[in-house]
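Data block below; observations after.
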Amino acid sequence: MNIEINQKKFELIPKQMALDNKKCDFVIDKSDVAMGRDESKCIGCSACRVACLEFNHLGIPVETKVGDCTYFRPDGKVNFADSNCTRCGQCTIACPTGTMHEIEYIEEVKAALADQAKIVIAQIAPSVRVSVSESFGLEPALNMEKEIVASLKQLGFDYVFDVNVGADFTTYEEAFDLLDRVKTHDTPMFTSCCPARVKYIEDFHPEYIGNITSVRSPQQCLAVLIKTYFAKIQNLDPKNIVVVSIMPCVAKKFEARRSGEDKSGTWDVDYVLTTREFIKMVKASNIDLAKIEPQDFDSVLGEASGAGAIYGATGGVMESALRTAAFAAGHPLEKLEVEAVRGMDDIKRVTFKIGDQEIKIGVAATLANAEIIIEEIKNGAHFDYVEVMACPGGCVGGGGQPKPAKHEIIDLRRQALYKIDAEKTVRTAHENPIVEKIYQEFLHCPGSPEAKKYLHTEYDKTQARVCEIKEKI
Ligand code: SF4
Ligand code: SF4
């Protein structure tokens with residue numbers, strides 16, 4: 001069996017046919033909110049383990065003999081929930097049989113849509129819009145945001161909002177957090193918007209938990225504003241609002257159920273669907289995105305800036321925050337494009353100047369590359385600001401994206417996001433009129449008690465476990 005993972009070709013030998021598994025005991029693991037396994041489909045090929053080692057240097061799926069069968073179990077345990085899996089989802093893309101899969105919430109979302117008492121609101125992540133076209137027979141990496149909005153309306157969603165707006169709030173808060181930390185020498189500051197990476201730090205490098213910015217991720221920022229600010233101006237009971245995120249990511253399901261992600265008084269995000277689940281749901285309703293009449297996002301929560309769009313690409317979070325940090329420091333950028341942090345390189349190390357202040361930057365795509373930067377920090381290298389995305393190319397290569405995940409297509413999606421940014425009139429978070437309005441009316445200023453209450457969280461040191469990083473094959 002030949003398989004390509006992380007641009008490398010592997011020849012793997014399955015240990016059994018899926019049918020053989022029926023002779024052995026098998027587990028259907030539904031213990032976790034994000035990751036599941038159906039061992040009855042497993043052929044013992046080890047592609048899941050190879051993906052976990054290639055992208056994360058972890059090797060969480062461990063070869064386990066059960067009778068005559070060979071399975072790959074998370075940390076050798078029966079349940080994902082008991083393992084140190086980061087929920088990055090890359091093994092779900094590599095697994096040829098669907099044994100490794102995300103926990104689906106399609107039925108729960110359909111039930112909410114059928115409930116007349118509920119206001120069901122979808123929010124779409126930056127990278128999803130450029131990741132669905134090939135699944136509908138079109139060329140890859142087309143921007144399908146208006147077709148996605150139309151399809152969700154057809155499915156019965158009451159409102160469809162853009163997570164890029166949430167990204168503008170994350171950027172605004174994070175830029176000020178960065179400037180404060182640089183001033184007080186409390187660096188490096190790590191970005192927080194990749195939940196697989198947060199889990200990785202908690203489990204494998206707990207000594208750096210305090211270095212993760214406390215600013216919540218774009219899906220969480222927008223969701224809490226929906227259930228507080230939006231609910232108030234629309235005179236809605238937040239308990240009747242159901243927020244459904246459409247995400248390129250399996251770990252976002254995990255993030256949505258972390259302690260502290262219920263700042264509105266109930267879970268801020270009710271359900272997370274991966275891009276794959278979204279496509280499955282749309283196709284099951286015979287909706288063809290290639291033919292549907294496009295529709296705009298609902299405008300009650302405004303339009304996103306270009307800075308929000310590039311969150312889906314490696315280096316994008318960093319670039320968005322630098323645009324606003326430079327403005328906040330009194331040295332607005334003459335050229336908004338920070339080319340040095342763009343591109344598919346595994347690691348970028350850059351010195352960026354805001355006025356006379358030098359900011360040492362690291363950008364890593366995949367946890368394997370994050371580990372290299374962390375080792376450098378441990379060995380004395382100085383970084384002020386470090387962005388890590390667990391997936392190749394950033395969210396455009398996310399573990400919840402359509403299969404197969406070809407490197408060339410991931411790069412096309414990345415470029416498509418920069419095109420969206422370039423074509424926007426407003427390209428910085430701080431110039432976004434809805435950001436200005438909500439700060440005036442509700443949040444007051446970055447880091448205010450209200451901003452801290454709704455747009456920040458904390459990472460739970462008590463949950464941290466120190467584990468050995470497993471050997472590379
Ligand atoms: S989800 Fe990611 S960390 Fe977990 S087993 Fe799969 S590849 Fe490894
Ligand atoms: S879980 Fe999937 S990738 Fe892993 S050994 Fe089984 S069939 Fe292969």
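Take 1 as the starting number for the sequence shown in the working numbering and just add one per residue. The C-beta atom is built at its ideal place from N, Cα and C for all residues, glycine as well.
The alpha-carbon of His456 is positioned some 50 Å away from that of Lys23. With a minimum length of 3 residues, the unbroken runs of beta strand (DSSP E) contained wholly in the stretch 200–261 fall at 241–247. With contacts defined as CB atoms closer than 8 Å, Lys348 and Val338 fail to qualify as a contacting pair. Rounded to whole angstroms, the separation of the alpha carbons of Phe297 and Arg197 is 30 Å. Ala368 and Ala390 have their C-alpha atoms some 8 Å from each other. Residue environment for Cys395: buried (at least 16 other C-beta atoms within 10 angstroms of its C-beta). Counting the other Cβ atoms within 10 Å of the Cβ of His101 gives 16 or more, which makes it buried.
Look at the beta carbons and you see the stretch 82–101 touching the stretch 199–217: at least three pairs across the two are nearer than 8 Å. Within the chosen limit of 7 Å, ligand 1 reaches the beta carbon of Pro74 through at least one heavy atom. Just so you know, the alpha carbons of Thr70 and Asn143 end up roughly 42 Å apart.
Using a Cβ-Cβ distance cut-off of 8 Å, the stretch 180–192 and the stretch 377–385 are in contact, since at least three pairs of beta carbons, one from each stretch, lie closer than that value. Around the beta-carbon of Leu19, fewer than 16 other beta-carbon atoms lie within 10 Å, marking it exposed. Excluding sequence positions up to five before and after Gly398, its CB lies within less than 6 Å of the CB of Pro248, Cys249, Cys391, all in the same chain and listed in chain order.
Beta bridge pairing from DSSP links Gln154 with no other residue. In the DSSP annotation of this structure, the continuous segment of the beta strand (DSSP E) that includes Leu273 starts and ends at 271–274. Taking the Cα of Ala422 as reference, the smallest distance to any Cα among Asp345, Ala365, Gly316 is reached at Gly316. Restricting attention to Gln90, Val33, Glu39, the CA atom closest to the CA of Ile60 is found in Gln90. Separation of Ile103 and Ala34 (C-alpha to C-alpha, rounded to the nearest whole angstrom) is 5 Å.
Residue environment for Glu293: exposed (fewer than 16 other C-beta atoms within 10 angstroms of its C-beta).
DSSP places Gln90 in the uninterrupted alpha helix (DSSP H) bounded by 90–94. Distances taken from the Cβ of Cys88 to the heavy atoms of ligand 1 include one shorter than 7 Å.
Your pair Phe72 and Arg49 checks out as a contact, with CB atoms roughly 6 Å apart and the cut at 8 Å.
Beta-bridge partners of Arg87 (DSSP): none assigned. Fewer than three pairs of CB atoms, one per stretch, sit closer than 8 Å, so the stretch 321–340 makes no contact with the stretch 277–293. DSSP places Val386 within a strand segment (E or B) once states are collapsed to three. Unbroken alpha helix (DSSP H) runs of no fewer than 4 residues, entirely contained in the stretch 113–191, are found at 145–155, 163–183, following chain order. Nearest C-alpha to Val109 among Tyr271, Ala141, Leu53: Tyr271. For His101, no alpha helix (DSSP H) segment is defined; the enclosing uninterrupted segment is the beta strand (DSSP E) at 100–102. Using a Cβ-Cβ distance cut-off of 8 Å, the stretch 300–319 and the stretch 165–178 are in contact, since at least three pairs of beta carbons, one from each stretch, lie closer than that value. Between Glu371 and Cys52, the alpha-carbon positions lie close to 14 Å from each other. Here DSSP, grouped into helix, strand and coil, assigns Pro433 to helix. Within the same chain, Ile246 come within 6 Å of Phe278 by CB-CB distance, once the 5 residues on both sides are set aside.
Under the three-state reduction of DSSP, Phe72 is assigned to strand. Segment contact: the stretch 124–132 against the stretch 407–424, three or more CB-CB distances shorter than 8 Å; contact assigned. Counting of Cβ neighbours within 10 angstroms places His444 among the exposed residues, the total staying below 16.
Residue environment analysis places Lys183 among the exposed positions, since fewer than 16 neighbouring C-beta atoms fall within 10 angstroms of its C-beta.
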